[in-house]
Structure formats: structure tokens, C-alpha cells
Amino acid sequence: MNNEEQFIFNSDGTDEQELAQMSSLMENEAALRKARDEYAKRTSKPSLSECKVCGEDIPEARQKVVPGVELCIDCATINEKLW
Numbered sequence: 001m002n003n004e005e006q007f008i009f010n011s012d013g014t015d016e017q018e019l020a021q022m023s024s025l026m027e028n029e030a031a032l033r034k035a036r037d038e039y040a041k042r043t044s045k046p047s048l049s050e051c052k053v054c055g056e057d058i059p060e061a062r063q064k065v066v067p068g069v070e071l072c073i074d075c076a077t078i079n080e081k082l083w
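Residue numbers for the sequence shown follow our numbering, so the first one is 1 and each next one is one higher.
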């Protein structure tokens, strides 16, 4: 009997455990990939030059530092306090 046959006959369920672990890891990786893609979509949109709430100008420096920024500092601060 060679090693492969011996392994098949002496299986104690560890193959199933390994498959379950691999499946779980693959699901986690897929979830991470989806989250990264969603984050990239949110941050890849262009920054607004005017606040979408109050209409005030958003400084160019803020637009460069915060990709996809939509709120001026004052409105962003108020929004953070509400959440």
C-alpha cells in the first residue's frame, strides 16, 4: 500500500475541516474585496468645490486632502456630531 492509499484509509475528518477552513477564508477574502471595492468607489468620486449642504466654497487644500469631499469643515463637523 502506498502513502496515498494509506492517507485515504486513515482519514479522520481533517480533510473536511481543512476544506471548511479554506471555504471560510475564501468567503472572508471575497467580503474584504467587496468592501475595498465599495470604499474605492466612494473615495474615487471628485471632490465638490461647494458644500452640498450650505453652498459655501470648500477650500482647494481640503479637496486635495479628502478625496470625494462633499461638505465644508463646518457642515462636516455638525454631521459628525449628529452621528
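Yeah, the Cβ is synthetic: ideal placement off N, Cα and C, and Gly gets one too.
Boundaries of the alpha helix (DSSP H) in which residue i is found, first to last residue
| i | result |
| --- | --- |
| Glu60 | 60 to 65 |
| Met74 | The residue asked about is misnamed: residue 74 is Asp in this sequence, not Met. Per DSSP, Asp74 belongs to the alpha helix (DSSP H) from 73 to 82. |
Length of the line joining the Cα atoms of residue i and residue j
| i | j | result |
| --- | --- | --- |
| Glu50 | Trp83 | 22 angstroms |
| Asp15 | Arg36 | 31 angstroms |
| Leu19 | Tyr39 | 30 angstroms |
Cβ-Cβ distance between residue i and residue j below 7 angstroms
| i | j | result |
| --- | --- | --- |
| Leu48 | Glu80 | no |
Environment of residue i [buried if 16+ CB atoms lie within 10 Å]
| i | result |
| --- | --- |
| Ile78 | exposed |
Contact set for residue i: own chain, Cβ-Cβ below 6 angstroms, skip 5 residues either direction
| i | result |
| --- | --- |
| Glu56 | Cys72 |
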